[in-house]
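> Before I ask anything, here is the structure I am working with.
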Amino acid sequence: MGLMSANATVSRATSNPIKVMVVDDSVVIRGLIGRWVSEDPALVLAGSHRNGRLAVEDVAKSRPDIVVLDIEMPDMDGLTALPLLLKGYPSTRVIMASTLTRRNAEISMRALSLGATDYVPKPESNSQITTSKDFRTELINKIKALGGMRDVAALHFRASRPTTPRATATHSSARAPQSRTAFTTDDTSRPRGATNVTPVAATQVKAISAAGGGITLRKLSSARPRALLIGSSTGGPQALEKLLQEIGPQMRSTPILITQHMPATFTAILADHLARASGMPAAEAQHGEIVQNGHIYVAPGGKHMELVKQAGQAAIKLTDDAPVNFCKPAVDPFFESAANVYGAAALGVILTGMGHDGTDGAQYIVDAGGSIIAQDEATSVVWGMPGAAANAGVCSAVLPLNQIGSKVMRIFRGERA
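With the first letter of the sequence shown counted as 1, position 218 gets the number 218 in the UniProt record's numbering; the numbers rise by one all the way through.
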């Protein structure tokens, strides 16, 4: 199927809009989100409730595609309501909405393990919510992506990407120049791409099923990898837990480094969950620390995580540079820096997520001789990031989530088939 025109997309959305239920004890928040939904021709408000009990009573009747669910509410809170909502209408997808406290981050992560699809951080006050364009944009984009609108799931794709070494768009051209965090390393002048970049919001790319034969795969690197590098976004926490639960016992002799699109506070909680799932030490990465085998490093929310060489070893570099692909942390600078440090011994994995973050960085890895694996469309919550990489021709494998772990372990054992 070719790319749809904007008019065709709106026409389809209007005839079959995404049904949204809003569940929040704040009348202000319910009113705002309800208004945002009503103003978008692709969406329709299916219900608005002040607590979980009322939402549970209504869900089978209203049959929402998406439920935006608050955590703290009277009568029945969000965590209690979640499994009942999914039982009442199993097809619905739930987005947890919570303020950025450690307690709410813990609850949101628990909700993801109980069946919620995603989360969105809310501003702390009603006045901040009223004036926050970022919250509105993030929430509406997630509703559309999770509601099945492929053009939003593929947000910011480019129409085509070269599959040979290039001097075209990189993450550096998608962000405003800023002073970088001071850090003395062996890597003082790593190359950056040229600035003739296609505006990131200007084009899209057709999503092609890996089973459809439209994806060109590369040969795996002949070098045995020395680090596993993972990028993920929407649906990523659940995918990461499943993957690391499988491979953790076998990955004691290599580091695992992860960039997951997440705000501060949430990434620390994610690291705790991954430590329990994998049985490996896991924590937010610290600026300047030496990368150790058998450890999991999670990019902290609000910082970019990069790798540098320090006295012949890989070290963590955290920067406060501008967002890349609208994300901070972002996968592109992470992968690009890993290519400079590990070269052909870098193995990258791109899991479920919106947008195209990771594809430019993946190109650096394969140009350096390394390899990339992407999650397939069928098992991705949103086939944005892995789909972009697959369509760009940078992958050596595009696999269901339940096959990625075994593939990774075989590669680390030296198998190349």
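In this text, a Cβ means the ideal position worked out from N, Cα and C, and glycines have one as well.
Taking all protein chains shown into account, decide if Thr131 is buried (16 or more other Cβ within 10 angstroms of its Cβ) or exposed.
Taking the first residue of the sequence shown as position 1, residue 131 is located at position 131. Exposed.
> What is the rounded straight-line gap between the Cα of Arg175 and the Cα of Gly279?
For this step, residue 175 is matched to residue 175 along the sequence shown. For this step, residue 279 is matched to residue 279 along the sequence shown. Any reading at Arg175 is ruled out, since the residue's pLDDT is 40, under 50, leaving its predicted position unreliable.
> With DSSP as the reference, label Ser278 as helix, strand or coil.
Taking the sequence shown and counting its residues from 1, one reaches residue 278 at position 278. Three-state DSSP puts Ser278 in a helix.
> Please report the straight-line C-alpha distance between Ala46 and Met73, rounded to a whole angstrom.
Position 46 of the sequence shown, counted from the first residue, corresponds to residue 46. Position 73 of the sequence shown, counted from the first residue, corresponds to residue 73. Distance between the alpha carbons of Ala46 and Met73 is about 20 Å.
> For the stretch 320–328 and the stretch 278–294, state whether three or more C-beta atom pairs, one from each stretch, are separated by less than 8 Å.
Counting Cβ pairs under 8 Å, fewer than three are found: no touch.
> In angstroms with no decimal places, state the Cα-to-Cα distance between Arg50 and Val56.
Within the sequence shown, the letter at position 50 stands for residue 50. Within the sequence shown, the letter at position 56 stands for residue 56. When rounded, the separation of the alpha-carbon atoms in Arg50 and Val56 is 11 Å.
> Answer yes if the stretch 351–362 comes into contact with the stretch 384–395, meaning at least three C-beta pairs across the two stretches below 8 Å, and no otherwise.
yes
> If I measure Cβ to Cβ from Ser371 and keep anything under 6 Å in the same chain, skipping five residues before and after, which residues do I get?
On the sequence shown, position 371 is the one that residue 371 refers to. Correct list, in chain order: Leu220, Ser221, Leu347 and Ser396.
> Can you grab the Cα-Cα spacing for the pair Leu307 / Ile71, in whole Å?
Reading the sequence shown from its first residue, position 307 is the one you call residue 307. Reading the sequence shown from its first residue, position 71 is the one you call residue 71. Near 36 Å, if we compare the C-alpha coordinates of Ile71 and Leu307.
> Residues in its own chain within less than 7 Å of Pro123 by CB, not counting five upstream and five downstream?
Counted from its first residue, the sequence shown places residue 123 at position 123. Contacts found: Ile129, Ser132 and Phe135.
> Could you please give the first and the last residue of the uninterrupted beta strand (DSSP E) stretch that includes Val381?
Within the sequence shown, numbered from 1, the residue matching residue 381 stands at position 381. For Val381, there is no enclosing beta strand (DSSP E), since its DSSP letter is neither H nor E.
> Going by CA-CA distance only, name the one from Val331, Gly288 and Trp383 that's closest to Tyr364.
Taking the first residue of the sequence shown as position 1, residue 364 is located at position 364. With distances taken between Cα atoms, Tyr364 lies closest to Val331.
> Residue 423: which of Glu39, Ala81, Ser38 and Ile269 sits nearest, CA to CA?
It is not possible to answer for residue 423, since the shown part of the chain is limited to 1 through 417.
> Going by C-alpha distance, which of Gly236, Gly147 and Pro400 is nearest Arg63?
Within the sequence shown, numbered from 1, the residue matching residue 63 stands at position 63. Ranking the options by Cα distance to Arg63, first place goes to Gly147.
> Entirely within the stretch 279–324 and at least 3 residues each: give me those beta strand (DSSP E) ranges in chain order.
282–284, 296–298, 304–310 and 313–319
> Rank Arg416, Asp77 and Val394 by C-alpha distance to the C-alpha of Arg218 and give the top, closest one.
Here residue 218 refers to the residue found at position 218 of the sequence shown. Checked all of Arg416, Asp77 and Val394; the closest Cα to Arg218 is Val394.
> Candidates Gly52, Thr359 and Ser15: which alpha carbon is nearest Ala41's?
Along the sequence shown, read from residue 1 onward, the residue named residue 41 stands at position 41. In the sequence under discussion, the amino acid at residue 41 is Pro, which differs from the Ala named in the question. Comparing Cα-Cα distances from Pro41 to each of Gly52, Thr359 and Ser15, the minimum goes to Ser15.
> Going along the chain, which residues of its own chain have a beta-carbon closer than 7 Å to the beta-carbon of Ala105, five neighbours each way excluded?
By one-based count along the sequence shown, residue 105 stands at place 105. Closer than 7 Å at Cβ, skipping near neighbours: Thr265, Phe266 and Ile269.
> Would you mind sorting Ile290 into buried or exposed? The rule is 16 or more other CB atoms within 10 Å of its CB.
The count along the sequence shown starts at 1 and reaches residue 290 at position 290. Classification for Ile290: exposed.
> Since Leu243 and Ile404 are thought to touch, with beta carbons under 8 Å apart, how far apart are those beta carbons, to the nearest angstrom?
Indexing the sequence shown from 1 puts residue 243 at position 243. Indexing the sequence shown from 1 puts residue 404 at position 404. Between Ile404 and Leu243 the Cβ distance is about 6 Å, and since that is below 8 Å, they are a contact.
> Leu32 by DSSP, collapsed to three states: which one?
Numbered from its first residue, the sequence shown carries residue 32 at position 32. Helix at Leu32.
> Between which two residues does the beta strand (DSSP E) containing Pro333 stretch?
For this step, residue 333 is matched to residue 333 along the sequence shown. Run containing Pro333: none in the beta strand (DSSP E); it sits in the alpha helix (DSSP H), Val331 to Tyr342.
> Check this for me: beta carbons of Ala345 and Pro225, under 8 Å apart or not?
As a first step, residue 345 is located in the sequence shown; it is residue number 345 there, counting from the start. As a first step, residue 225 is located in the sequence shown; it is residue number 225 there, counting from the start. Yes; because the gap between Cβ atoms is below 8 Å, this pair is in contact.
> To the nearest whole angstrom, what separates the beta carbons of Val398 and Asp376, a pair I think is in contact under 8 Å?
Residue 398 sits at position 398 when you count from the first residue of the sequence shown. Residue 376 sits at position 376 when you count from the first residue of the sequence shown. Yes, they are in contact, since the Cβ atoms of Val398 and Asp376 sit about 5 Å apart, within 8 Å.
> I believe Gly115 touches Leu86 by the beta-carbon criterion, under 8 Å. Please report the beta-carbon distance rounded to the nearest angstrom.
Residue mapping note: residue 115 aligns to position 115 of the sequence shown, counting from 1. Residue mapping note: residue 86 aligns to position 86 of the sequence shown, counting from 1. The pair is a contact, with the Cβ atoms about 5 Å apart (cut-off 8 Å).
> Hey, how far is the Cα of Phe412 from the Cα of Gly343?
The sequence position of residue 412 within the sequence shown is 412, counting from 1. The sequence position of residue 343 within the sequence shown is 343, counting from 1. Spanning the two alpha carbons is a distance of roughly 15 Å.
> Any idea what DSSP makes of Asp70, helix, strand or coil?
Mapped onto the sequence shown, residue 70 falls at position 70. It is a strand residue.
> Please list the segments of the beta strand (DSSP E) lying wholly inside the UniProt domain "Response regulatory" (19–137), counting only runs of 3 or more residues, in order along the chain.
43–49, 66–70, 93–99 and 118–122
> Evaluate Pro17 with the Cβ neighbour count: other Cβ atoms within 10 Å of its Cβ, from every protein chain shown; 16 or more gives buried, anything less gives exposed.
In the sequence shown, counting from the first residue as 1, residue 17 sits at position 17. It counts as buried.
> In or out: Val94 buried (at least 16 other Cβ within 10 Å) or exposed?
Against the sequence shown, residue 94 aligns to sequence position 94. Buried, since its Cβ has 16 or more Cβ neighbours within 10 Å.
> Can you give me the C-alpha to C-alpha distance between Ala311 and Ala223, rounded to a whole angstrom?
Against the sequence shown, residue 311 aligns to sequence position 311. Against the sequence shown, residue 223 aligns to sequence position 223. Taking the straight line from one Cα to the other gives about 22 Å.
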